[in-house]
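Positions 28 to 147 (my numbering) are the ones given, in order, by the sequence shown.
Glycine included, C-beta positions come from ideal geometry on N, C-alpha and C.
Source: prediction; values computed, not measured.
Step one of this worksheet: look at the structure below.
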Amino acid sequence: MNWYLKAFKNYAVFNGRSRRKEYWYFVLFNIIFSILLTAVDSMAGTLDANGSGLLSSIYALVVFLPSIAVAVRRLHDVDKSAWWMLIGIVPVIGVIVLFIFMVKEGDPYENRYGMNPKLY
């Protein structure tokens with residue numbers, strides 16, 4: 028949970044680097060909270076025909092900027108520019124490439140985006 032909160036504390040920081048642990052815990056907790064909020068929306072009757080509910084939509088808006096920021100910092104950890112996020116637009120191949128970048132071990136030493144976050 029600390030990694031999830033760390034990503035929220037740095038919700039608008041687009042420079043520096045993020046460890047794999049920070050990124051993947053953020054993704055994990057987003058999935059869990061989204062499922063829970065969708066279930067609450069379903070029980071409360073606030074789910075529309077498209078499957079989006081009031082609470083889950085509000086949550087999606089809240090985590091939009093932190094999600095982009097932590098993904099950018101994660102790309103920086105593997106020495107890639109934030110512009111690589113645009114490859115996700117390409118169907119299938121783009122998502123696979125982004126997934127590989129997010130799973131890949133970060134640079135062990137300092138790169139152009141800063142020091143290795145594992146060292147501090």
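Original post:
With a Cβ-Cβ cutoff of 9 Å, do Arg44 and Tyr136 count as a contact?
Top reply: Position 17 of the sequence shown holds residue 44. Position 109 of the sequence shown holds residue 136. No, these two residues do not count as a Cβ contact at 9 Å.
Original post:
With a Cβ-Cβ cutoff of 9 Å, do Ala109 and Val99 count as a contact?
Top reply: If you number the sequence shown from 1, residue 109 lands on position 82. If you number the sequence shown from 1, residue 99 lands on position 72. Their beta carbons are under 9 Å apart, which means Ala109 touches Val99 by this criterion.
**OP:** Going by DSSP, name the residue or residues bridged to Asn37.
**Re:** If you number the sequence shown from 1, residue 37 lands on position 10. The partner list for Asn37 (beta bridge, DSSP) is empty, contrary to what the question assumes.
Original post:
What first and last residue would you give for the alpha helix (DSSP H) that runs through Gly121?
Top reply: Here residue 121 refers to the residue found at position 94 when the sequence shown is read from its first residue. Note, Gly121: alpha helix (DSSP H), 120-130.
Original post:
Fully enclosed by the region 46-73, which alpha helix (DSSP H) runs are 4 residues long or longer?
Top reply: 47-71
**OP:** Please look up how many angstroms separate the CB atoms of Val105 and Ala34, rounded, as I've assumed it's under 8 Å.
**Re:** Mapped onto the sequence shown, residue 105 falls at position 78. Mapped onto the sequence shown, residue 34 falls at position 7. Not quite, the Cβ-Cβ distance comes to about 17 Å (not below 8 Å), so this is no contact.
Original post:
Going by the CB atoms, is the gap between Ser83 and Leu55 shorter than 9 Å?
Top reply: Position 28 of the sequence shown, counting from 1, holds the residue named residue 55. Position 56 of the sequence shown, counting from 1, holds the residue named residue 83. No. Outside cutoff.
Original post:
Any idea if Gly78 is buried or exposed, counting beta-carbon neighbours within 10 angstroms, 16 or more meaning buried?
Top reply: What you label residue 78 is simply residue 51 of the sequence shown in a count that begins at 1. It counts as exposed.
Subject >> Three-way DSSP call (helix, strand, coil) for Asn42 in this model >> reply: Stepping through the sequence shown from its first residue, residue 42 is reached at position 15. Coil.
**OP:** Below 8 Å on the Cβ atoms is my guess for Lys145 versus Arg46; work out the distance and round it to an integer in Å.
**Re:** The count along the sequence shown starts at 1 and reaches residue 145 at position 118. The count along the sequence shown starts at 1 and reaches residue 46 at position 19. At roughly 6 Å, the Cβ-Cβ gap stays under 8 Å, so Lys145 and Arg46 are in contact.
Original post:
Any idea if Phe53 is buried or exposed, counting beta-carbon neighbours within 10 angstroms, 16 or more meaning buried?
Top reply: Residue 53 sits at position 26 when you count from the first residue of the sequence shown. It counts as buried.
Original post:
Using a Cβ-Cβ cut-off of 7 Å (strictly less than) and excluding sequence neighbours within five positions of Leu81, which residues of its own chain qualify?
Top reply: On the sequence shown, position 54 is the one that residue 81 refers to. So the list reads Asp68, Thr73, once near-sequence residues are dropped.
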